[in-house]
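See the structure below:
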């Protein structure tokens, strides 16, 4: 039920219907200037506010460009934006129809009054939105609504932002395009926890575009449809939450944990009786996407700790968390029951299946798809690009729209970015006010025609992309987005003109331009985080402060993709090798420091060797040499060591041309002449048995090969046969070195790389007796 009784310190208590009525009345009474409304609404009522807002604007035929919206943010940036709006009061009152100030608390109201006294002196409406607690729906009703929400929201992949408006079928079935790039077998997951009564918990790590979000979306759809049980946890109700949503709330309320946040989030999604979920968490599969979009490492650790506690106590039916690979460094030392698994590259048959489904379900002709598949299978550069779902989708779209395929990732992003920018500039002039194709001038009613350029778009997109990355890279609120657009415009325009142009830019973004796309809850994000990182990287060298920051600390984990895009932009797109050389030299210099390293160091070097952004042979050799030093001799945490080796092996398997030639020479040198320098004990990945002085008797009857996969690191078990044959590595000196060691793992490793496949299928205990190993 809804209450309208009483008043508070902040304003008259009203329900959504009364709020709409009061706005209607004020708009009818005051038609010669904008009305100023202050609406106080606690977090969780965003959906109700958004509904009233849209209904009133539609009823009075008010375009979004004539609405100024400010969401109270009490930090320094928010204060400056509000002060600028206050200074532009007279212009806003003349040009806008509605000035909407949103506060969440009495403290926000005091902040508004103190910072914008001139604007609030013209206030027309001051209310607090209030709802009685709804009668709690029973769990079956809540569960049914959750299933329906998941199926409707995650059953389709939306390509609206990438395909032109002329393409009719832009929503494609997820289940038909999905390729399982996260393996849930024992070899991929490592040893199972000793306590098998603990609910299933996974932490899925991978580089950008490798299918992490698609994986959890498919899990959510599968469990909502009750069609399968891939995690072997039984029937569960999936709840898929972007952690960026929780991160924004936690920045203002550090006491609220994630489980307490769930009812508020579900209420915003329109789920009735959302509090019912708190008592039924053991029936829930909690899917948390984008751990890396939480900016604070402390916040990320808090989430992992909370999920670990829930799993240990049986307080949740299952947990899957996704994040970028660099997070592996934050997990080591954290005792949690989440089993780490990494995304893998798509196989040729999966690439073919995706492309065929992509064409079939869009109803497009099949003429080009076979040609595209054949070109990818023949061209090693295209094969390397097509190994991630995001790049495969971009490749298919560019092939359809342009009929040609770049063979480097930066070229694909550049072509895609040019296509999106062109669509934006054609949609409407940047800074348009009123009629499409005109720009309003300050202090006059004159208009002039203007054709926006690529430079105009990048002037806005670069800083905007950096800002979204600094917010975590996920979705941002519309109010915050407009405020940031206004800040960007204020660098070149007066405060009044910046306010006008920021509203016009946001109105332009509402069109089908694909640069930023609307999300649920009145939020916006780039069509994919990598697209935002591309524009940030393309802009980095042009901004003196950004460039200085990148050179100062190139191994910041959240900057990996930005640096790779920046180097590709400089070396491939623009040919500015002086700046590229400065960046590469700095990276090499700063890749050397005392102490333990983290995964970001070899990860960035691997990225440079994969991208080859116009590097010279000398630079490529230096990067490869330093990479092997890091992988083979430096100290990493156990979790990071496994991730690094997996990425390194993936690089070795897909490299060709100059990088393969240089990497092969380096590998042959290390495995023959420098084998004594290799820290073999660090290449063995710590598991349940690797630190024991003797192998445990409990594994005697296990398959030898499966045990070795758990014990040896990815690099060592890839030496036989893939890498040894591919790079012609002579492991004779390595075997001599291993025979000189007392550690039982060396004898097991030696037997592994010198035995046939048939021998590897024998029980571990049988092989151990032959090797003279005593079981503990």
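Residue numbers (this note's numbering): 276 to 1051. Each residue gets a CB set at the ideal place from its N, CA and C atoms; glycine is no exception.
>> If distances are taken between C-alpha atoms only, which option among 802, 697, 549 comes closest to residue 669?
In response: 802
> Opposite residue 335 in the DSSP bridges: which residues?
Replying inline: DSSP lists no partner for residue 335.
> Under 8 angstroms, do residue 387 and residue 313 count as touching if we go by C-beta distance?
Replying inline: yes
> What three-state label does DSSP hand residue 712 in the structure shown?
Replying inline: Because the pLDDT at residue 712 is just 34, under 50, the model does not fix this residue reliably, and the value given afterwards should be weighed accordingly. Of the three classes helix, strand and coil, the one that applies to residue 712 here is coil, per DSSP.
>> Going by beta-carbon coordinates alone, are residue 807 and residue 748 separated by less than 8 angstroms?
In response: Taking 8 angstroms as the cut-off, the beta carbon of residue 807 is found closer than this to the beta carbon of residue 748.
> Smallest Cα separation from residue 850: which of 991, 736, 685?
Replying inline: Residue nearest to residue 850 within the set 991, 736, 685 is 685 (criterion: CA-CA distance).
> Just the Cα atoms here: how many angstroms apart are residue 384 and residue 358?
Replying inline: Roughly 14 angstroms separates the two Cα atoms.
>> Could you check whether the region 388–396 touches the region 328–337, counting it as contact only if at least three pairs of C-beta atoms, one from each stretch, sit closer than 8 angstroms?
In response: no
>> Please classify residue 1011 as buried or exposed, where buried requires at least 16 neighbouring CB atoms within 10 angstroms.
In response: When all chains shown are included, residue 1011 counts as exposed.
> Any chance the region 414–426 sits against the region 588–602, with 3 or more Cβ pairs inside 8 angstroms?
Replying inline: Using a Cβ-Cβ distance cut-off of 8 angstroms, the region 414–426 and the region 588–602 are not in contact, since fewer than three pairs of beta carbons, one from each stretch, lie closer than that value.
> So, are the CB atoms of residue 369 and residue 391 less than 8 angstroms apart?
Replying inline: no
>> Which of the three DSSP states is assigned to residue 719 in this structure?
In response: Only weak support exists for where residue 719 lies, its pLDDT of 36 falling under 50; the coordinates are left without a value.
>> Just to confirm the assignment, what range does the beta strand (DSSP E) spanning residue 888 have?
In response: Note, residue 888: premise wrong, no beta strand (DSSP E); not H, not E.
> By how many angstroms is the C-alpha of residue 631 removed from the C-alpha of residue 612?
Replying inline: 39 angstroms
> For residue 798, does the three-state DSSP call read helix, strand or coil?
Replying inline: strand
> Sorted by chain position, which residues of the same chain lie with C-beta nearer than 6 angstroms to residue 758's C-beta, five sequence neighbours on each side aside?
Replying inline: 356
>> Looking at the ligand COA, does it come within less than 7 angstroms of residue 523, judged from the CB to the closest heavy atom?
In response: Although the ligand COA was asked about, the structure shown includes no ligands whatsoever.
> Three or more beta-carbon pairs under 8 angstroms between the region 990–1001 and the region 925–936, yes or no?
Replying inline: yes
> With burial defined as no fewer than 16 other Cβ atoms inside 10 Å of the residue's Cβ, what is the status of residue 1003: buried or exposed?
Replying inline: Note on residue 1003: under 16 other CB atoms within 10 angstroms of its CB, so exposed under the neighbour-count rule.
>> Considering only the alpha carbon of each residue, which of 448, 378, 921 lies closest to residue 635?
In response: 448
> What distance in whole Å lies between the Cβ atoms of residue 454 and residue 629, which are believed to be in contact at a cut-off of 8 angstroms?
Replying inline: 6 angstroms
> By DSSP, does residue 1006 sit in helix, in strand, or in coil?
Replying inline: coil
>> Could you tell me the alpha carbon to alpha carbon distance between residue 326 and residue 492, rounded to whole angstroms?
In response: Rounded to the nearest angstrom, the gap between the Cα atoms of residue 326 and residue 492 is 27 angstroms.
> Since residue 307 is in the beta strand (DSSP E), which residue starts that stretch and which ends it?
Replying inline: Residue 307 -> no beta strand (DSSP E), and no H or E assigned at all.
> Under a three-way DSSP split, which group does residue 692 fall into?
Replying inline: Residue 692: helix per DSSP, three-state reduction.
> Taking the alpha carbon of residue 479 as the point to measure from, which residue in 599, 536, 378 has its own alpha carbon closest?
Replying inline: 599
>> Can you confirm whether the region 859–876 touches the region 827–845 when touching is taken to mean that 3 or more C-beta pairs between the two stretches lie within less than 8 angstroms?
In response: yes
>> Considering only the alpha carbon of each residue, which of 663, 404, 741, 626 lies closest to residue 618?
In response: 663
> Considering only C-alpha positions, which residue in the set 771, 903, 488, 982 is nearest to residue 950?
Replying inline: 903
> What is the rounded straight-line gap between the Cα of residue 963 and the Cα of residue 572?
Replying inline: Reliability fails at residue 963, whose pLDDT of 49 lies under 50, so the model's placement of it is uncertain and no value is given.
>> Within 10 Å of its beta-carbon, does residue 283 have 16 or more other beta-carbons around it, so buried, or fewer, so exposed?
In response: Residue placement at residue 283 cannot be trusted, given a pLDDT of 41 that sits under 50; what the coordinates show is reported in the next sentence. Looking at its Cβ environment, which holds fewer than 16 other Cβ atoms inside 10 Å, residue 283 is exposed.
> residue 486 to residue 352, Cα distance in whole Å?
Replying inline: 35 angstroms
> Per DSSP, what kind of secondary structure is residue 564 in: helix, strand or coil?
Replying inline: Looking at residue 564 - three-state DSSP - the assignment turns out to be strand.
> Under the three-state reduction of DSSP, which class applies to residue 517: helix, strand or coil?
Replying inline: Residue 517 falls in the strand class under three-state DSSP.
> Which class does residue 617 belong to by DSSP, given the choice of helix, strand or coil?
Replying inline: strand
>> Classify residue 481: buried if its beta carbon has 16 or more other beta carbons within 10 angstroms, exposed otherwise.
In response: buried
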